[in-house]
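Structure record follows, encoded as structure tokens.
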Amino acid sequence: MKILLIEDEKELRDTLVASLLKEFYVVETAENFSDAVEKIAIYDYDCILLDVMLPNGNGLEILSELKAIGKSENVIIISAKDSLDDKLKGLELGADDYLTKPFHIAELNARIKAVLRRKSLNGKNTIEIGNLIFDIDERTLFVNQQPIHLNRKEFDILNYFLLNKNRLITKTALAEYVWGDQIDQADNFDFIYYQIKNLRKKLQESSTDVSIESVYGVGYKLIEQ
16 MKILLIEDEK ELRDTLVASL LKEFYVVETA ENFSDAVEKI AIYDYDCILL DVMLPNGNGL
76 EILSELKAIG KSENVIIISA KDSLDDKLKG LELGADDYLT KPFHIAELNA RIKAVLRRKS
136 LNGKNTIEIG NLIFDIDERT LFVNQQPIHL NRKEFDILNY FLLNKNRLIT KTALAEYVWG
196 DQIDQADNFD FIYYQIKNLR KKLQESSTDV SIESVYGVGY KLIEQ
């Protein structure tokens, strides 16, 4: 899962990034209004943590932009402004939740998971396809009720495929989702090939009812057998 943290306070930003990485999210950050606008225009995120008060702009303006492009439903506003007007405005613009600083990290994590469940799984935390049960919160995979060990990247890759079953996934989109926008620095996508090769082997050996097919020159597609 890929999260964008828009926060100008460095200490808080670093603390949140460290916490989110422990939850196995891919985390990208924006420190000011212009950086945030640039990133939301280029990339898609599963959840956006948005501060209202930012250098050279206001978070609610970013939320207005997100609403205009249909991406505001996965936003959690995090702000020191405990104002009813700000909360109402944010919710009217499509924000999913509003959390006032200071807050406990555990509460933020719980709200992020709730947003992700509502966005991707209609409130559930598992994906069930055939003989496969994939638990996003517990980061587990069971096939025929037997646990299948996945490393962190294999789990993230399978998660993305399951959320996009039968859809063509380009190598670039997969790389950005699992590795973040730092993928631009990569010379090639060989590392994706090796991760998918290992994931395919595990799925085949466990007789899973899904398979990952290659689409020559473009990317991959997960289908139910």
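With my numbering, letter number 225 in the sequence shown gets 240, and the count goes up by one each step, no holes.
Glycine included, every Cβ here is placed at the ideal spot set by N, Cα and C.
Everything numeric in this text was worked out from a predicted model, so none of it was measured.
Element boundaries [alpha helix (DSSP H), containing residue i]
| i | result |
| --- | --- |
| residue 111 | That residue, residue 111, is in no alpha helix (DSSP H); it is neither H nor E in DSSP. |
| residue 51 | 48–57 |
| residue 84 | From DSSP, residue 84 is part of no alpha helix (DSSP H); its letter is neither H nor E. |
Spatially closest choice to residue i from the options, by CA coordinates
| i | options | result |
| --- | --- | --- |
| residue 46 | 208, 68, 91 | 68 |
| residue 13 | 206, 49, 155, 209 | Absent from the model: residue 13. The displayed extent of the chain is 16 to 240, so no value can be given. |
| residue 163 | 102, 223, 193, 128 | 223 |
| residue 16 | 180, 236, 128 | 128 |
| residue 221 | 158, 81, 213, 175 | 158 |
| residue 63 | 26, 207, 121, 134 | 134 |
| residue 130 | 230, 152, 117 | 152 |
| residue 240 | 111, 24, 145 | 145 |
| residue 183 | 56, 80, 238, 35 | 238 |
| residue 110 | 101, 147, 90, 73 | 90 |
| residue 172 | 76, 215, 161, 139 | 215 |
| residue 167 | 37, 188, 28, 51 | 37 |
| residue 73 | 176, 106, 94 | 94 |
| residue 87 | 107, 70, 71 | 107 |
| residue 170 | 230, 113, 193 | 193 |
| residue 190 | 141, 81, 59 | 59 |
| residue 84 | 205, 52, 140 | 52 |
| residue 124 | 234, 35, 218 | 35 |
| residue 206 | 177, 217, 219, 187 | 187 |
| residue 235 | 219, 31, 212 | 212 |
| residue 70 | 48, 56, 81 | 48 |
| residue 126 | 117, 112, 225, 116 | 112 |
| residue 148 | 132, 104, 75, 225 | 225 |
| residue 142 | 232, 122, 176 | 176 |
Three-state secondary structure (DSSP) of residue i
| i | result |
| --- | --- |
| residue 30 | helix |
| residue 95 | coil |
| residue 226 | strand |
| residue 21 | strand |
| residue 127 | helix |
| residue 72 | strand |
| residue 232 | coil |
| residue 38 | coil |
Within-9 Å CB hit, residue i to chain D
| i | result |
| --- | --- |
| residue 169 | Protein chains in the displayed structure number just one, and chain D is not present. |
Cβ-Cβ separation, residue j to residue i (assumed contact under 8 Å), whole Å
| i | j | result |
| --- | --- | --- |
| residue 66 | residue 18 | So it is not a contact: roughly 14 Å between Cβ atoms. |
| residue 57 | residue 81 | 13 Å between Cβ atoms; not a contact. |
beta-carbon residue i near the ligand GDP non-hydrogen atom, thresh 8 Å
| i | result |
| --- | --- |
| residue 105 | Annotation note on the ligand GDP: not contained in the displayed structure, which lists no ligands. |
Exercise for review: For the segment 131–217, list the alpha helix (DSSP H) runs that are entirely contained and at least 4 residues long, ordered along the chain.
Suggested key: 167–178, 186–194
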